[in-house]
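J.:
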Amino acid sequence: MLLLIVNVCTKKHNDTAFAFQDSAIETRCLDIGNWKNTRKVIEDVGRVDLLVNNAGIVRHKSVLEASEEFTDEHFDVNFKAALNISQIVAKGIISRKGSGAIVNISSISGILTAPGFPIYCSTKAAMDMLTKSMALECGPFKIRVNSCSPGGVLTPLGAMILASQEQRDAFTGRIPMGRFIEQDEIANTVAFLLSDYASMINGVVLPVDGGHIIHMALNPVKK
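Residue numbers (the UniProt record's numbering): 1 to 223.
1) Among the candidates Ile85, Ile25, Glu73 and Ala55, whose CA atom is the shortest distance from the CA of lysine 40?
2) Comparing alpha-carbon positions, which option in Ile32, Lys142 and Asn146 lies nearest residue 255?
3) Look at asparagine 146 and leucine 83 and say whether their C-beta atoms are less than 8 angstroms apart.
4) To test your reading of the DSSP string, which unbroken beta strand (DSSP E) runs of 3 or more residues are found completely within the stretch 29 to 70?
5) Whole angstroms is fine: what's the gap from isoleucine 201's alpha carbon to arginine 144's?
6) Are glutamine 179 and glycine 158 touching if we call contact CB-CB under 8 angstroms?
7) In the DSSP assignment, find the beta strand (DSSP E) that holds glycine 100 and state where it starts and stops.
8) Are phenylalanine 132 and glycine 203 close, meaning C-beta to C-beta below 8 angstroms?
9) What is the DSSP secondary structure of glutamate 26, reduced to helix, strand or coil?
10) For valine 208 versus valine 52, is the C-beta spacing smaller than 8 angstroms?
11) With a 10 Å radius around its C-beta and 16 neighbouring C-beta atoms as the bar for buried, classify phenylalanine 70 as buried or exposed.
12) Give the DSSP-derived three-state secondary structure of asparagine 188 in the structure shown.
13) Out of Ala55, Leu30, Gly56 and Gly116, which one is the CA nearest neighbour of valine 45?
14) Is the stretch 163 to 176 in contact with the stretch 104 to 116, if contact means three or more CB pairs nearer than 8 angstroms?
15) Going by DSSP, what residue range makes up the alpha helix (DSSP H) through leucine 130?
16) Using a threshold of 8 angstroms, state whether the C-beta atoms of asparagine 37 and glycine 56 are closer than that.
17) Taking the Cβ atom as the reference point for each residue, do glycine 152 and isoleucine 186 lie within a distance shorter than 8 angstroms?
18) How would you write the range of the alpha helix (DSSP H) that leucine 206 sits in, first residue to last?
19) Along the chain, where does the beta strand (DSSP E) that runs through asparagine 78 open and close?
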């Protein structure tokens, strides 16, 4: 089995490529926001049975300030790239009469709004609907499509957005489980959705959020 990791050209990507140079893991350096270049790279890979669309960007800008360029950048990476790559993979599976699974990494921000991040939230809501539409159309060809929607994770970006301990405490205070999600907990969920254990799970948007969504639904934030 070959595991292919596609990422933008950064030092982190180069370090990853070096670390796995003698294994069954390959890397590609690519701006997935470029539709044509992405198609060429993915088509050259050959057979793909399992796909995780994990790329994404998130930047702060109010709905009154979001420019066309800002909006296009978010949709190019967070939505169109997933559609583009999924099309290539799904068509390949169908042409060889195989089976496969696709997992889109979404966010609970596709369900809950977040002040200052209207465009990001919109891309994730679009991703969730794309997941359901793909599941409906690709299911008859033995291709399952699901979304994994994480809640708060203290990635470097998350740590930057929630910079102070006060902000972090306020955030986890809305989570019934009382803590941030670990990256391994997301990875394990994705592995499950790709596996045969999830053979009849299709078209699901699965939150991995410690109950954040249900808490917000029952206890909306007050002014």
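Backbone N, C-alpha and C define an ideal beta-carbon position, used for all residues, glycine too.
T.: Taking the geometry as given:
1) Ile85
2) Not covered by the structure: residue 255. The range shown for the chain is 1 to 223.
3) no
4) 50 to 53
5) 7 angstroms
6) The question names glutamine, but residue 179 is arginine in the sequence shown. Contact flag unset, no.
7) 100 to 105
8) Residue identity differs from the one stated: residue 132 is lysine in this sequence, not phenylalanine. Yes. Within cutoff.
9) strand
10) no
11) exposed
12) helix
13) Leu30
14) no
15) 118 to 138
16) no
17) no
18) It is not in any alpha helix (DSSP H) - leucine 206 instead sits in the beta strand (DSSP E) that spans 205 to 208.
19) Counting along the chain, asparagine 78 falls outside any beta strand (DSSP E), and DSSP gives it neither H nor E.
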